[in-house]
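K.L.:
Here it is: the structure, laid out below.
Protein chains: 2
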Amino acid sequence: MTEKITKQYFTYGDSPNVQLLESGLELGPITIAYETLGQLNGAKDNAILICHALTGDSHVAGQYCDDPPDTPPGWWNFMVGPGKGIDTDRYFVICCNVLGSCMGSTGPASINPATDKPYGLDFPMVTIGDMVDSQKQLLNHLGIRQLYSVIGGSVGGMQVLEWCVRYPEMVRSAIPIATTMRHSALAIAFNEVARQAIMADPSWNKGSYYEGSGPHHGLAVARMIGHVTYLSDEAMRKKFGRQLQNKEDFSFNFGGDFQVESYLRYQGSKFVKRFDANSVLYLTKAADYFDLKNVENTVESLNDLSHKQSKFLVISYTSDWLYPTYQARELVQALKRSRQDVSFCEIEADCGHDAFLIEDSRLTNLIRGFLDGLATA
Amino acid sequence: MTEKITKQYFTYGDSPNVQLLESGLELGPITIAYETLGQLNGAKDNAILICHALTGDSHVAGQYCDDPPDTPPGWWNFMVGPGKGIDTDRYFVICCNVLGSCMGSTGPASINPATDKPYGLDFPMVTIGDMVDSQKQLLNHLGIRQLYSVIGGSVGGMQVLEWCVRYPEMVRSAIPIATTMRHSALAIAFNEVARQAIMADPSWNKGSYYEGSGPHHGLAVARMIGHVTYLSDEAMRKKFGRQLQNKEDFSFNFGGDFQVESYLRYQGSKFVKRFDANSVLYLTKAADYFDLKNVENTVESLNDLSHKQSKFLVISYTSDWLYPTYQARELVQALKRSRQDVSFCEIEADCGHDAFLIEDSRLTNLIRGFLDGLATA
């Protein structure tokens, strides 16, 4: 049975109660789109926050009430639901679209109340910390004082880590997956090339394109770059190899010969229909800025964590070359230095960075076991 | 002492003696720009052909006669010259710009004699095999019947391998470096994204831009993608890490915060000044098409090679993730199956695919020793 979900919206930060951002700028009002599954118990201590990756959304699992029956469910449906790894018969699951995105939460495509037009580049830069602060506002609104767990992969994992240093008292446990303590030069490089691809498109028009067609070509190229980094050499070799698309021989033109080319073009054009180019700029920049050591008083925060010890399950994938296992090990070491209770698992998988989005009983069992263990601890 | 070099041009293939290309199309006349160092001996058996990489040129070493004194020498100057690893006191070194390029040899920016305008996309697709065929024409012109060695890295290494199966009788020895027997899905993916970046630029104008400004933005993005693949995670970490550019704190805008961003932007803008966008399209496509098994009668050719055994020195780099060592091992195994005399060396280096372009006495000594060994064999 697929759970029926309603997308909800929480708005806060009307002037003068705007949110102070890490940049020093202020933003408000802010709307956060979110979805919940399961029931919050009377003690309000069974809430799990799931943080989505770069271009994800709040639709973590289930189907919307008005979805036609054959609509694909949310992006982590194999993991979240009744009796699943994150069991919504036991836990109250919350997933919200990040600040700066375009899937319901306030971002550069939202209307700027000062001008009644989309913000565009007038939207202030937001950081992973700003995203977490907005999630905290939502939890306050829901009356949740402590999270049973906070879980997320990739940029979602950065939010998980930021939660642990920003609001350690609220985090009973954390599962950062396929992520890093700080964005590497390689990861920054890929993001920068993606941004340049968008900004090179004349239709980008310095971010003011909402009345026109938008930088579709640049955004598609940016997404293609992203997709290469989400896969791996092994995954591409197995999935595509040198297989030709609909042809027995080379075309000797630039229409695309290989299946991997068609795949990337398809991913690029599909993305253009669902995502805002400016949001890609803002969200990649937030990821690039992410560096746990930049969080104010991190060391102290991590040390504070040891007074209120959280349990961590750190997960990496062998073929993830965007946030390779050595970066997960660095995180594990840092957590151990601050005397946290850390479990670490590297999952052998050849599908690259995106492995956590692909159904795999090893991941499900790891998360289920970890969450079960908390209950009996 | 830096040798003084003159760039030379060889033209062949006037109608009806045009070159039949692998695509089945014909091309002519064809001009090949080339440079030579050292002296061809009386027996004409001391010639070494050096094949350049994707966007390289014929200027392998030395300075042009009319260069100001402080002009940087050719791209492999540390390797090629009097007394160097490829010793021009002993060998006659030839390096020619590949067919389809824009550095003196015929390519899409050349004038199409049928229209008196640049070819643009009317230029026929060329393959690594077509490049080698044009090099063969030059050797015929120079009266060279056998190469002491053919040496090249990356796409230059593909030319080396193509030489060995296309004209085995002409190849006494071969040194393919940081290369592959066939372009992988990952390598095709990066090339395709680069091509899409160029073709997404409205100034590309379906390849007809020679009277205008050209697709500078798209070409710069394409080059940035290339540069990410030429480096490595380790190289970027050591070279850039998360160091900021001229700032003590984040800019919170899209102007570029990190040194790696500035580096990539600089590489992109520098490339736009020296290289033709259409040539990038053609040359990346030639690399993507490269698959040694597609060479007609390869197996037979490789077996034929065993009658006239060549000596091979295959070199790979530990941090090359564009053509990783496992691909070099596949090549070594294929050569051994056809009973070739193969030496293989994986060089430990953290600078990625471009390592062969960086001065390193290990590479120099390997090549020097291999070439010396041939003389005494």
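From first to last, the protein sequence lines stand for chains A and B. The numbers in numbering that gives the first Met the number 0 rise by one with no breaks, and the one at position 20 of the first sequence is 19. The numbers in numbering that gives the first Met the number 0 rise by one with no breaks, and the one at position 231 of the second sequence is 230. Positions of the beta carbon are idealized from the N, C-alpha and C atoms, including for glycine.
(1) Tell me which residue opens and which closes the beta strand (DSSP E) that T35 of chain A is part of.
(2) Give me the subset of the region 136-158 of chain B whose CB atoms are less than 7 Å from a CB atom of chain C, sorted by chain position.
(3) Identify each residue in the region 261-287 of chain B for which the Cβ-Cβ distance to at least one residue of chain A is less than 8 Å, and report them in chain order.
(4) Please report how far the alpha carbon of N245 of chain B lies from the alpha carbon of C101 of chain B, in whole angstroms.
(5) What does N245 of chain A reach in chain B if we use C-beta pairs closer than 9 Å?
(6) The ligand ZN and K246 of chain B: does the residue's C-beta get closer than 7 Å to at least one heavy atom of that ligand?
(7) Could you spell out where the alpha helix (DSSP H) holding L218 of chain B opens and where it closes?
(8) State the beta-bridge partners of A46 of chain B as determined by DSSP.
(9) Measure the C-alpha to C-alpha separation of V170 of chain A and L185 of chain A and round it to an integer number of angstroms.
(10) Are the C-beta of N296 of chain A and some C-beta of chain B separated by less than 8 Å?
(11) Can you confirm whether S22 of chain A, when its beta carbon is compared against all beta carbons of chain B, has any partner nearer than 8 Å?
(12) Give me the subset of the region 205-219 of chain B whose CB atoms are less than 8 Å from a CB atom of chain A, sorted by chain position.
(13) Beta-carbon within less than 8 Å of K6 of chain B's beta-carbon, same chain only, minus the 5 sequence neighbours each way: which residues are those?
(14) Cβ of F253 of chain B less than 8 Å from any chain A Cβ?
(15) Using the beta-carbon count (16 or more within 10 Å), is G368 of chain B buried or exposed?
(16) Taking the C-alpha atoms as reference points, what is the distance between V79 of chain A and G156 of chain B?
(17) Please report whether the beta-carbon of D129 of chain B lies at a distance below 8 Å from any beta-carbon of chain A.
(18) Just curious, the beta strand (DSSP E) that V313 of chain B is in, first and last residue?
(19) May I have the straight-line CA-CA distance separating G225 of chain B from L39 of chain A, to the nearest angstrom?
(20) Per the DSSP calculation, K116 of chain A is bridged to which residue(s)?
(21) Would you say Q332 of chain A reaches chain B, if we count a Cβ-Cβ gap shorter than 8 Å as a contact?
(22) Under 8 Å between the Cβ atoms of G119 of chain B and Y209 of chain B?
(23) From what residue to what residue does the alpha helix (DSSP H) around I187 of chain B run?
(24) Give the DSSP-derived three-state secondary structure of Y325 of chain A in the structure shown.
(25) Identify whether D65 of chain B lies in helix, strand or coil by the three-state DSSP scheme.
(26) Using 8 Å as the threshold, is the region 202-216 of chain A in touch with the region 260-280 of chain A, meaning 3 or more CB pairs across them?
(27) Within this structure, are the beta carbons of L53 of chain B and A327 of chain B separated by less than 8 Å?
(28) Rounded to the nearest angstrom, what separates Y147 of chain B and Q136 of chain B at their Cα positions?
(29) Taking only beta-carbon atoms, is F77 of chain A less than 8 Å away from chain B?
(30) Measuring alpha carbon to alpha carbon, tell me which residue in B:Y166, B:S202 and B:R241 is nearest A219 of chain B.
(31) Does the distance from the C-beta atom of S382 of chain A to that of G351 of chain A stay below 8 Å?
(32) Considering F389 of chain B, what are the terminal residues of the alpha helix (DSSP H) in which it resides?
(33) Within 8 Å, do at least three Cβ pairs link the region 322-338 of chain A to the region 193-200 of chain A?
(34) Going along chain B, which residues have a C-beta under 7 Å from E161 of chain A?
(35) I want to see whether chain B comes within less than 8 Å of V192 of chain A, judged by CB atoms only; does it?
(36) Counting only Cβ pairs nearer than 8 Å, list the residues of chain A close to V227 of chain B.
P.N.:
Inspection of the coordinates gives the following:
(1) Taking the first residue of the first sequence as position 1, residue 35 of chain A is located at position 36. First-last of the beta strand (DSSP E) with T35 of chain A: I29 to L36.
(2) Absent here is chain C; the protein component of the structure consists of chains A and B.
(3) L263, R264, G267, L280, K284 and D287
(4) Taking the first residue of the second sequence as position 1, residue 245 of chain B is located at position 246. Taking the first residue of the second sequence as position 1, residue 101 of chain B is located at position 102. Using only the alpha carbons, I get a separation of about 36 Å.
(5) As a working mapping, residue 245 of chain A is identified with position 246 in the first sequence. Per Cβ cutoff of 9 Å: no residues; N245 of chain A is ~16 Å from chain B at best.
(6) This structure lacks the ligand ZN; in fact it carries no ligand of any kind.
(7) As a first step, residue 218 of chain B must be located in the second sequence, where it is residue number 219. Where L218 of chain B is concerned, the enclosing alpha helix (DSSP H) stretches over H215 to Y229.
(8) Working through the second sequence from its first residue, we reach residue 46 of chain B at position 47. According to DSSP, A46 of chain B bridges with B:F91.
(9) Against the first sequence, residue 170 of chain A aligns to sequence position 171. Against the first sequence, residue 185 of chain A aligns to sequence position 186. Cα to Cα, V170 of chain A sits roughly 30 Å from L185 of chain A.
(10) Taking the first residue of the first sequence as 1, we reach residue 296 of chain A at position 297. Only weak support is given to the placement of N296 of chain A: the predicted model assigns it a pLDDT of 47, under 50, and the value that follows is read from those uncertain coordinates. It does not: the Cβ of N296 of chain A has no partner Cβ on chain B nearer than 8 Å.
(11) Here residue 22 of chain A corresponds to residue number 23 of the first sequence, with the count starting at 1. Output row for S22 of chain A: interface = yes.
(12) H216, G217 and A219
(13) The residue given as residue 6 of chain B occupies position 7 in the second sequence. Result list for K6 of chain B: A32, Y33, E34, S57, H58, Y63 and G103, in chain order.
(14) Stepping through the second sequence from its first residue, residue 253 of chain B is reached at position 254. Output row for F253 of chain B: interface = yes.
(15) Residue mapping note: residue 368 of chain B aligns to position 369 of the second sequence, counting from 1. The residue in question, G368 of chain B, is exposed, as its Cβ has fewer than 16 Cβ neighbours within 10 Å.
(16) Counting from 1 along the first sequence, the entry for residue 79 of chain A is found at position 80. Counting from 1 along the second sequence, the entry for residue 156 of chain B is found at position 157. Distance between the alpha carbons of V79 of chain A and G156 of chain B: 50 Å.
(17) Position 130 of the second sequence holds residue 129 of chain B. No, its Cβ sits nowhere closer than 8 Å to a Cβ of chain A.
(18) Indexing the second sequence from 1 puts residue 313 of chain B at position 314. It spans K310 to Y316 - the beta strand (DSSP E) in which V313 of chain B sits, taken as one unbroken run.
(19) Position 226 of the second sequence, counted from the first residue, corresponds to residue 225 of chain B. Position 40 of the first sequence, counted from the first residue, corresponds to residue 39 of chain A. The straight-line gap from Cα to Cα measures roughly 50 Å.
(20) Mapped onto the first sequence, residue 116 of chain A falls at position 117. DSSP lists A:N111 as partners of K116 of chain A.
(21) On the first sequence, position 333 is the one that residue 332 of chain A refers to. Chain B contact via Cβ: absent.
(22) Translated into the one-based positions of the second sequence, residue 119 of chain B becomes position 120. Translated into the one-based positions of the second sequence, residue 209 of chain B becomes position 210. In contact: G119 of chain B and Y209 of chain B (Cβ atoms closer than 8 Å).
(23) Residue mapping note: residue 187 of chain B aligns to position 188 of the second sequence, counting from 1. Unbroken alpha helix (DSSP H) run through I187 of chain B: A184 to M198.
(24) Looking up residue 325 of chain A in the first sequence gives position 326. Helix at Y325 of chain A.
(25) As a working note, residue 65 of chain B is residue 66 in the second sequence. Coil, per DSSP.
(26) yes
(27) By 1-based counting over the second sequence, the position of residue 53 of chain B is 54. By 1-based counting over the second sequence, the position of residue 327 of chain B is 328. No, Cβ-Cβ distance for L53 of chain B and A327 of chain B is not below 8 Å.
(28) In the second sequence, counting from the first residue as 1, residue 147 of chain B sits at position 148. In the second sequence, counting from the first residue as 1, residue 136 of chain B sits at position 137. The straight-line gap from Cα to Cα measures roughly 17 Å.
(29) Here residue 77 of chain A is taken as the residue at index 78 of the first sequence, counted from 1. No, F77 of chain A does not count as interfacial toward chain B.
(30) Here residue 219 of chain B refers to the residue found at position 220 of the second sequence. Closest option to A219 of chain B, Cα to Cα, is B:S202.
(31) Since the displayed chain A opens at 0 and closes at 376, residue 382 of chain A lies outside it and no answer follows.
(32) With chain B covering only 0 through 376, there is no way to say anything about residue 389 of chain B.
(33) no
(34) One-based indexing of the first sequence puts residue 161 of chain A at position 162. The contacting residues do not exist; E161 of chain A stays about 16 Å from chain B at best.
(35) Locating residue 192 of chain A in the first sequence gives position 193, counting from the first residue. By this cut-off, V192 of chain A is an interface position.
(36) Counted from its first residue, the second sequence places residue 227 of chain B at position 228. The answer, in chain order, is L185, A188, F189 and V192.
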